[in-house]
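Residue numbers (my numbering): 184 to 519.
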């Protein structure tokens with residue numbers, strides 16, 4: 184019973200306190216952005232698994248109205264109780280059939296998959312629309328040693344598009360305005376987005392996190408990951424061109440309104456990964472480049488966030504593995 188309460192409490196606390204933990208951990212997360220993205224995505228994954236595990240444990244430690252005939256319901260109840268490692272000596276009486284509790288995760292997964300398919304189709308259509316527009320007005324060429332799509336526009340545009348038809352997109356205004364080092368820094372930044380598959384990460388987060396963004400933890404991760412991906416691209420860029428060139432380019436792009444241009448209104452989040460980054464994130468990135476804030480205060484919240492994820496992973500596996508073995512071995516039903 185104590186373990187069951189611990190599982191439920193950890194799920195609830197992490198869901199509600201997650202945004203504060205992510206926010207307080209940000210200075211330290213930005214020091215290793217790629218590992219930070221893995222940590223945040225892993226935390227969301229184990230939280231979802233823990234929710235499923237909690238519903239299964241509840242089904243195995245409770246009783247309620249009979250939905251099916253007594254022999255079937257009795258066998259299913261005993262199987263669930265036997266598979267649960269946290270079954271108490273007595274069961275809880277619930278006003279809903281146990282079968283409903285068992286089917287809720289299955290129904291939730293089915294709804295999630297349907298929403299993911301819908302968002303995937305919308306995302307693919309948005310990407311095709313932006314690519315078609317860019318390829319209609321732009322020309323493929325080489326700029327500062329990089330293959331780019333050059334579009335005739337005076338705005339300072341620089342973004343990366345996914346897929347074999349995509350690539351780095353820059354405007355003539357950007358090429359004419361930035362000096363050679365700043366231009367190289369921007370191109371290296373966009374190249375990092377493509378090489379590190381940042382579009383796929385943002386797409387995955389949008390597909391999984393979009394339907395569940397009302398959960399505070401998932402909403403906070405959904406907001407934090409794009410900034411961390413920009414920081415990861417910044418790190419790759421400054422290793423090649425240096426911090427002054429990248430910081431100067433970001434200042435130029437941050438005042439140009441580039442993130443609003445060229446189909447930005449039609450593109451879904453993450454389709455355009457532009458050097459200007461998410462709205463409001465440029466200042467934090469420049470501060471991180473020039474004078475990173477102290478990370479000591481972030482140690483405690485990051486430790487709480489990490490340990491909570493590890494705890495949920497352990498508890499979730501302790502629940503789900505017995506149920507997986509139950510499904511593999513089967514549970515004899517009184518059919519004859």
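Just so it is clear, CB atoms sit at the ideal spot from N, CA and C, and this is done for glycine as well.
Three or more beta-carbon pairs under 8 Å between the stretch 355-374 and the stretch 324-344, yes or no? yes
If we count the other Cβ atoms within 10 Å of its Cβ and call it buried at 16 or more, is residue 188 buried or exposed? exposed
So, using beta-carbon positions, are residue 334 and residue 354 closer together than 8 Å? yes
Does the beta-carbon of residue 473 have 16 or more other beta-carbons within 10 angstroms, so that it is buried, or is it exposed? exposed
Secondary structure of residue 362, DSSP reduced to three states: coil
Would you decide whether residue 289 is buried or exposed? Buried here means 16 or more other CB atoms lie within 10 Å of its CB. exposed
Do you know offhand how far residue 301's Cα is from residue 312's? 17 Å
Where does residue 440 fall in DSSP's three states? Since pLDDT at residue 440 reaches only 49, below the 50 mark, its modelled position is unreliable, and no value is offered.
Bridge partners of residue 412, per DSSP? Residue 412 pairs with nothing; no bridge assigned.
Quick check: the Cα distance between residue 432 and residue 486, rounded to an integer number of angstroms? 35 Å
In the DSSP assignment, find the unbroken beta strand (DSSP E) run with residue 341 in it and report its ends. 341-344
Rounding to the nearest angstrom, what Cα-Cα distance links residue 207 and residue 350 in this structure? 35 Å
What is the DSSP secondary structure of residue 380, reduced to helix, strand or coil? coil
Rounded to whole angstroms, what's the CA-CA distance from residue 419 to residue 407? Just pull it up for me. 19 Å
Give me whichever residues DSSP pairs with residue 353 in a beta bridge. 333 and 341
Are three or more beta carbon pairs between the stretch 291-301 and the stretch 342-349 nearer than 8 Å? no
According to DSSP, what are the bridge partners of residue 456? 343
Coil, strand or helix - residue 398 by DSSP: coil
Using CA atoms only, rank isn't needed, just tell me which of 504, 401, 209 and 396 is closest to residue 468. 209
CA nearest to the CA of residue 195, picked from 314, 457 and 491: 491
May I ask which residues mark the beginning and end of the beta strand (DSSP E) holding residue 323? 322-326
Buried or exposed for residue 422, please, with buried defined as at least 16 other CB atoms from any protein chain shown within 10 angstroms of its CB. exposed
Straight-line CA distance for residue 203 to residue 371? 33 Å
Out of 295, 437, 336 and 471, state which residue places its alpha-carbon closest to the alpha-carbon of residue 457. 437
Go through its chain and collect everything with a Cβ distance to residue 478's Cβ below 8 Å, but skip five positions before and after it. 210, 211 and 214
Alpha-carbon spacing of residue 221 relative to residue 412, whole angstroms: 11 Å
CA-CA distance, residue 382 and residue 309? 13 Å
Helix, strand or coil at residue 503 [DSSP, three-state]: helix
Proximity winner among 399, 428, 387 and 417, relative to residue 170 (alpha-carbon distances): In the structure as shown, the chain starts at 184 and stops at 519, and residue 170 therefore has no counterpart that could be examined.
How about residue 306 and residue 389: do their beta carbons lie closer than 8 Å? yes
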